[in-house]
Structures are given as structure tokens and as C-alpha cells.
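Remarks on the structure that follows.
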Amino acid sequence: MENNLWNNIIQIRNTSPLVHSITNYVVMNNTANAVLAIGASPIMAHAKSEVEEMVNISHSLVINIGTIDEYWEEAMLLAAKKANELNKPWILDPVGAGATSYRDSVLSKILSLNPTVIRGNASEIIALSKFSNTITKGVDSTAKSNEALETAKTLAQHHKSIVCISGETDIIINENQEIHLKNGHPMMTKVTGLGCTATALIGSFIGIIENKTEAVVSAMSLLGIAGEIAAQQSAGPGSLQLNIIDKLYNITEDEFSTHLKMIKQ
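Rendered as C-alpha cells:
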């Protein structure tokens, strides 16, 4: 797999997949810029009258419930159903899962449509399980990635999804594989929306990479390595955010291969 990751990054740059995002308005600008930086093309659209047509012309769909309301809920369900109908890959970011009963009711409906990929922090992933006792603190994780492993495995089996747990170690799980990525930098937790950025990048890769697990690993390793390198030249979270976008744009094969820290379980 390691040998394919850089080739996947080049494929994104060469083919510029169109990524339809129904995402939260806190991060729209950041995620759109990140998608552009890796060579993909973002569309941010949530009008119920057009989401199905947008899915039709896009390579993939991103659903992020960060600023969910009743209107966006309907748009997300329409888009996800259309993606399934057209056999197009889509990713769910369950932002703030477990925080409110409304948020959880929306997630139960979206999850029933079996996303191609589910990406969240450990608390969010755990909160998707009915047997969870973990408390979600807003959109921040109160749990470590490995604490969500069993829930992630259950989700992967039940929904036939690839589950990505973001954290100090990123863990990607499918029905028969577990991959750990140990890239990134602690300062990345001080930049709002980098989890949402990870979701948008995964959305870009799953649109054109046939092996969806490999697509998720490519996206997560790219962001982790870009953040790791960018942190070395950043004075704080503000400059880190800018430097990550720049590094997503200009990262080299040597930088990527030198920094990659991947463990297959």
C-alpha cells in the first residue's frame, strides 16, 4: 500500500475530482481551500432544490453535520440517497455526535444509509454506538483513538463502511484491516476545523481512487504529514493554518515518503 499512496496524491492533482460538500459554515472556506490545494475541485451547496443534481455531476459527496438544522438535515438525506442511487462514494463526519438528542436522531437517519466512510474523533465514533458511556465535549474528543476501536469495528461491520478515527494516532478500519498513522503535530488541535478538513480531503480521494481504504489512508497521511512539516515553520495556530494549505499544495514525494509513519495491524 505504501507505494500506492504517493501515486494516489498525483492522481488527484492530475484528474481534479469534483467534490460536493454539505458542510458546516464554520469551516467552509478552510475546507474548500484545502481541497483546492491538493488539486481537487470543491462545490459547497445545500439547497434542497439542487443537491441531487450536484451529486449527479460530482465524483463524491461530503456530509458534515457541524451546523446542522432541520433544512440541512433534509438536504443531507436527499443527497446521500442520491449518492447511493448513483453508486457514488460519500463520507459522513458526525461532528458533535452524542452532544444532543437532535444531533443523534439526524445521525441515526444518515447512518442507516450506510456511508462509504465515517470519520470522526474518538468521542464522536464512540457516541455512534448505543452502548457508549463516553461524554462528547462539543466537537473536541474526550477519548483517545484506541478507546474507539471496538465501536469502529462494529460500525465497519454493520454499515460496510470504512471508519477513520482521528487523533494523535489516526486509525483506519474496514471489515478486515486496521491501519495506524502516527503523523501530525499537537498544534493542529488548536486550529478549528482540521478534522473537517480531513473529511473533505477523504471525500476528494474516495471520488477517484478505486480502493477506498487506500484512499482514506492517502488523505489522512497527506494531511498529517503536511501538518507535521508546517508546524516546524509556524509561530502558532494562525500561521499553521496557512502553512498547512501551502504544504498540501507543494508537498514533494521525498517529503511524503520520509515522514510517513504507517503501521498495519
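Residue numbers (the working numbering): 15 to 279. For every residue, glycine included, the Cβ atom is placed at its ideal position computed from N, Cα and C. These numbers were taken from a predicted model, which means no experiment stands behind them.
*Indicate whether Ile-187 and Ala-170 have their beta-carbon atoms separated by less than 8 Å.*
yes
_7 Å CB neighbourhood of Met-88 in its chain, flanking five on each side removed_ = One detail in the question is off: residue 88 reads as Glu in this sequence, not Met. Lys-62.
_By the DSSP assignment, the beta strand (DSSP E) with Ser-74 in it spans what residues?_
74-78
*If you draw a straight line from the C-alpha of Gly-255 to the C-alpha of Val-230, how long is it?*
Checking the displayed sequence, the identity of residue 255 turns out to be Gln instead of Gly. Distance between the alpha carbons of Gln-255 and Val-230 is about 21 Å.
*Figure out for me which residue from Val-49, Asn-28, His-60 and Thr-203 has the closest Cα to the Cα of Tyr-39.*
His-60
*Go ahead and label Asn-101 buried or exposed: buried means 16 or more other beta carbons lie within 10 angstroms of its beta carbon, across all protein chains shown.*
exposed
*Nearest to Gln-25 by CA position, among Glu-228, Ile-277, Lys-278 and Ile-223, is which residue?*
Ile-223
_At the level of alpha carbons, what is the spacing between Asn-98 and Ile-220?_
14 Å
*Could you tell me whether the stretch 240-258 touches the stretch 80-95, using the rule of 3 or more Cβ pairs below 8 Å?*
no
*Residue burial classification, Asp-184 (beta-carbon count within 10 angstroms, cutoff 16)*: buried
_I'd like to know whether the C-beta atoms of Glu-67 and Leu-92 end up nearer to each other than 8 Å._
no
_Neighbour-count burial assignment, Asn-250, 16 or more Cβ in a 10 Å radius_ = Checking the displayed sequence, the identity of residue 250 turns out to be Gly instead of Asn. Answer is exposed; the Cβ neighbour count stays below 16.
*What first and last residue would you give for the beta strand (DSSP E) that runs through Val-177?*
176-180
*Return the residue from the list Ser-235, Ile-265 and Leu-163 that minimises the CA-CA distance to Glu-348.*
Any property of residue 348 remains undetermined from this structure, which presents the chain solely from 15 to 279.
*Would you say Ile-71 and Ile-36 are within 8 Å of each other, going by their C-beta atoms?*
no
*asked:* Is any non-hydrogen atom of the ligand FMN found closer than 7 Å to the C-beta of Glu-192, if you look at the structure I gave you?
replied: The model depicted lacks the ligand FMN and carries no ligand whatsoever.
*Exposed or buried, what is His-172 when buried is set at 16 or more other beta-carbons lying within 10 Å of its beta-carbon?*
exposed
_Cβ neighbour criterion (16 or more within 10 Å) applied to Ile-277_ = exposed
*Buried or exposed: Gly-198, going by 16 or more other Cβ atoms within 10 Å of its Cβ?*
buried
_Reduced DSSP secondary structure (H/G/I, E/B, other) of Asp-184_ = strand
_Start and end residues, beta strand (DSSP E) containing Gly-134_ = 131-135
*Look up Asp-268 in the DSSP assignment and say whether it is helix, strand or coil.*
helix
*What is the DSSP secondary structure of Glu-64, reduced to helix, strand or coil?*
coil
_DSSP bridge partner residues for Asp-107 (one or two, in chain order)_ = Asn-78
*Taking just the CA atoms, how far does Ile-52 sit from Ile-314?*
Given a span of 15 to 279 for the chain in the structure shown, any question on residue 314 remains unanswerable.
*Of the listed residues Lys-204, Leu-50, Leu-106 and Asp-268, nearest to Asn-128 (C-alpha basis)*: Leu-106
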